[in-house]
Amino acid sequence: MKNFVIAALLFLPIGFVVAQPGRPVTPRKSLLRPGEETYFSNFRQVTFEGERSGEAYFHPDGKKICFQSVRGDCPHYQIFVKPFDATRLVRVSPGQGLTTCAFFHPTRPLMIWASTHLDPASYRPPPADRSARYKWDKHASFDIFMSDHEGKNPRRLTSTPGYDAEGAFSPDGSRICFTSNRDGDLEIYTMAVDGSDARRVTNSKGYDGGPFYSPDGKKICFRGFRDPANPRNAQIYVVDADGTNEIQLTDTPRANWCPYWHPSGEYLVFSANVGDHRNFELFLVPAKGGKQIQITTDTGADVLPVFSPDGKKLMWTSTRETGKSQVFIADFTPPGDAPYRGN
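Right, here's the structure in full:
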């Protein structure tokens, strides 16, 4: 019976097309806060519908994005794909349970996403939350799946007990970095694109997560909650893909998290709280460590930033317009000094 239930859940209807009401897509200067015009122009909101949306990533051609959103009948995040030039989007995930962390394959029409849809116990609505903050649950039933861009032909890549999520492809598409607690602690791992050959990358007590390969595929960035005396503080790290030569890029008493590489490989963008944990801003930091530059100044949450494949745009999740998490995008002007200049 157990095997039958799992097989049935794997083939829940997916690839569901959702019509979006028309929304203005012209830039709105009022979205920029004082000082942000130094780094951003043509700033606009990308998602509008649903209770909340966030964690968006570019397709390698830069013409569409994947993201997660709470909307429709499901009370949990589901994965959607949206072309920039279309008013309709496709739900990729099954529409049951929790989903998170979608990412496009760099060369093939495939994508990965993490889901709990094989566990019916995860279908229950979450406790009431009026904050509309971006959040996700480290549910023990999360596994990583791969499908096409419409959610068809889903394949389960992980099956070990516990949390497997936060996946991203290597630049050549041959491996996936991800977070797992399969060995008792939340650490960074890599695996082959078919789910085989899992290798542990980090070995420090605490929650290491949010990994991404560097543009040359040789390194992985991630954030680590490793300070037991200050469990809400996190730092940004870079490590060789084989787990050697780890360096710490930040050392501040705050939650530094969600790092992402610029396509040049010379620097990263990340988010950190300024003051309390309601105000998060975006920062730049050199890939070898050094001076950090704050690039947003909103009083809400600016989190989960990602560069476009050509490095000319920055997209992130923000609460700045309505107090609810939605996806925004802007043309990006880097600082004039090294290592940002010319990249």
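Here the sequence shown stands for residues 709 to 1051, numbered as in this note's numbering. The beta carbon of each residue, even a glycine, is placed where N, CA and C say it ideally should be.
- [ ] Report buried or exposed for Gly1008, applying the criterion of at least 16 other Cβ atoms within 10 angstroms of its Cβ.
- [x] buried
Task: Alpha carbon of Lys771 to alpha carbon of Asp880, nearest angstrom - done: 20 Å
- [ ] May I ask you to verify whether the region 938 to 957 touches the region 1012 to 1026, counting CB pairs closer than 8 Å and requiring at least 3?
- [x] no
TODO: Would you check if there are 3 or more beta carbon pairs closer than 8 Å linking the region 827 to 834 to the region 785 to 801?
DONE: no
- [ ] Report the option in Ser777, Ala876, Ile1003 whose CA atom is closest to the CA atom of Pro742.
- [x] Ile1003
TODO: Keeping to the same chain, check which residues put their C-beta closer than 6 Å to that of Gly1019; ignore five residues upstream and five downstream.
DONE: His970, Pro971
TODO: Alpha carbon to alpha carbon, how far is Ser1033 from Val946? Give it in angstroms, no decimals.
DONE: 28 Å
- [ ] Assign Arg986 to buried or exposed, taking buried as 16 or more other Cβ atoms, counted over all protein chains shown, within 10 Å of its Cβ.
- [x] exposed
Open item on the list: Suppose you measure from the CA of Ser882 to the CA of Cys782; what does that come to, to the nearest Å?
Closed with: 33 Å
- [ ] Counting only the same chain and skipping the five closest in sequence on each side, list residues whose C-beta sits under 7 Å from that of Asp905.
- [x] Met899
Task: Complete beta strand (DSSP E) runs within the region 768 to 826 (minimum length 3 residues, chain order) - done: 772 to 778, 786 to 791, 796 to 799, 807 to 812, 818 to 823
- [ ] Could you name the residues that DSSP lists as bridge partners for Gln1002?
- [x] Phe991
Task: Neighbourhood of Ser890 by C-beta distance below 6 Å, restricted to the same chain and skipping five residues each side - done: Here the sequence assigns Arg to residue 890, which means Ser is not the residue at that position. Thr868, Gly870.
Task: Whether Ser912 touches Gly973 by CB criterion (8 Å) - done: no
- [ ] Return yes when the Cβ of Gln776 is within less than 8 Å of the Cβ of Glu763, no when it is not.
- [x] yes
Open item on the list: Only counting the same chain, and skipping five residues up and downstream in sequence, which positions put a Cβ closer than 6 Å to that of Pro1043?
Closed with: Ile1001
Task: Cβ-Cβ distance between Ser749 and Thr1025 below 8 Å - done: no
TODO: Please look up how many angstroms separate the CB atoms of Thr807 and Val1035, rounded, as I've assumed it's under 8 Å.
DONE: Not quite, the Cβ-Cβ distance comes to about 16 Å (not below 8 Å), so this is no contact.
Task: Same chain, Cβ closer than 7 Å to Gly903, five either side skipped, listed in chain order - done: Leu865, Thr866
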